[in-house]
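If you count by mature numbering (1 follows the signal peptide of the UniProt record, and there is no 0), then the sequence shown holds residues -25 to -1, 1 to 239, one letter each, in order.
By construction, the Cβ of each residue, glycine as well, lies at the ideal position given by its N, Cα and C atoms.
Everything numeric in this text was worked out from a predicted model, so none of it was measured.
Single-structure report; data block below.
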Amino acid sequence: MMKKFRLAALAMAGVLGLGAANAFAADIAKPQDEGWTFTVAPYLWASGIKGESGLFGFPPQDVDVSFSDVLQHLKFGFMGLTEARNGPFTISTDIVYAKLDANIGTPQGILASNIDATVSTFMGTALGGYSVYYQDGTNFDLVAGARLWSVDNKFDFNGGALGGSSASDGDTWVDPVIGAKFKADVGNGIYLAGWGLVGGFGAGSKSMWDVMGGAGYQFNDKMSMFVGYRAVHDNYSHDGFVNKLTQQGPILGLTYQFSPAHPG
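Right, dumping it as structure tokens:
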């Protein structure tokens, strides 16, 4: 059973680790006086995870998972964010999906000779924002929105007394989110960016926070690269499912920015 808990933790590491929620693309977008500017950005978050995770009402287990453990079990992952900006107004989304598979051996093989475990995780964030400071290559935005989490853990038992049966556990919840983000050009194509978000407030998670900071380089008007460090904490529990985890690690992203009004 300890391995089941560990697999669930790997899944959450996958969904967060593949994703860098919310909008470093928004942070690096150059201010526009008018018209819409759109940004898309794939990214990778090479993070580890620590905390507590629990399934099926069993007592939560301690979790300490490295990013290499996540990659070992990862079968499929999709992650990406978009931003639309018109002057000081922004709308951003972040969609992350991950699927992990593992075959778990059992010590005695009485209840099952082995267990095929499949874990699917989804995290989607939508934010609206307004720049309270917006000039000279620098913007400071206040943002608000929601983050949707969904985790589905399925276990198929092979052999033994439970052979041919299956069990599943997980949950779906929504966290309201508020926070701020910034971007500041420092010259020679280099910029600094970061954000701080808090959420949950008992509506979904008991508490949630998400902070990031780093630097980037603008290759040209359309392309840039960003490197930084991010940490996320989530404290959620309901009906025997427990997700009390902190994940942190370096982040790397590439962004592409375009404006329909100025396609060149």
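Please classify residue i as buried or exposed, where buried requires at least 16 other C-beta atoms within 10 Å of its C-beta.
i, result
"G52", "buried"
"V45", "buried"
"Y166", "buried"
"T12", "buried"
"Q47", "exposed"
"M54", "buried"
"G117", "The residue you asked about is not Gly; residue 117 is Leu in the sequence shown. So L117 counts as exposed."
"G203", "buried"
"N114", "buried"
"K74", "buried"
"M198", "exposed"
"Y108", "exposed"
"M(-14)", "With a pLDDT of only 44 at M(-14), under the threshold of 50, the placement of this residue in the model should not be trusted; the figure read from the coordinates follows. Flag for M(-14) reads buried."
"K50", "exposed"
"F201", "buried"
"D196", "exposed"
"G191", "buried"
"G189", "buried"
What are the start and end residues of the beta strand (DSSP E) that includes residue i?
i, result
"S199", "M198 to H213"
"S28", "G23 to G29"
"G174", "I165 to G174"
"S180", "Per DSSP, S180 belongs to no beta strand (DSSP E) and is neither H nor E."
"F194", "First-last for F194: undefined, no H or E at that position."
"G228", "F216 to F233"
"F13", "W11 to A16"
Could you tell me the distance, in whole angstroms, from the CA atom of residue i to the CA atom of residue j?
i, j, result
"K25", "Y18", "22 Å"
"L172", "D39", "24 Å"
"S106", "P63", "5 Å"
"I66", "T57", "8 Å"
"I70", "D111", "31 Å"
"A(-3)", "G169", "A caution first: A(-3) carries a pLDDT of 40, below 50, which makes its placement in the model too unreliable to give a value."
"G164", "V207", "28 Å"
"Y72", "A155", "25 Å"
"A142", "G177", "28 Å"
"D209", "D37", "15 Å"
"D160", "R60", "18 Å"
"F233", "F157", "20 Å"
"F229", "K219", "Note that residue 229 is Leu in the sequence shown, not Phe. About 30 Å."
"P235", "Q193", "20 Å"
"R122", "S95", "17 Å"
"Q222", "G23", "6 Å"
Leaving aside the five residues before and after residue i along the sequence, list all residues of the same chain whose C-beta is less than 7 Å from its C-beta, in chain order.
i, result
"G145", "V126, D127, N128 and F216"
"G120", "T100, A101, L102, G103 and V152"
Quick one: give me the first and last residue of the alpha helix (DSSP H) that residue i is part of.
i, result
"F42", "F42 to H48"
Tell me which residues share the same chain as residue i and place their Cβ nearer than 6 Å to its Cβ, disregarding the 5 neighbours each side in the sequence.
i, result
"T93", "D76 and K129"
"G29", "P35 and V217"
"M187", "G169, W170, G203 and R205"
"V15", "T57 and Y231"
"S180", "D150, D209, N210 and Y211"
"W124", "M98 and W148"
"residue 267", "Because residue 267 is not part of the residues shown, which for the chain are -25 to 239, the question remains open."
"G32", "G215"
"D2", "Residue confidence is low: D2 scores 44 on pLDDT, short of 50, so the model does not pin down where it sits. No coordinate-derived value is stated."
Spatial neighbours of residue i within its chain, please: C-beta separation below 8 Å, excluding the five flanking residues on both sides.
i, result
"A21", "G(-9), F42, G224, P225, I226 and L227"
"H213", "D146 and W148"
"E27", "P35, Q36, D37, V38, V217, K219 and L220"
"G175", "D150, P151, K181, S182, M183, D209, N210 and Y211"
*Length at least 3, wholly inside the stretch 87 to 148: the beta strand (DSSP E) runs in chain order*: Counting whole runs of 3 or more residues, the stretch 87 to 148 contains the beta strand (DSSP E) stretches 89 to 110 and 113 to 133.
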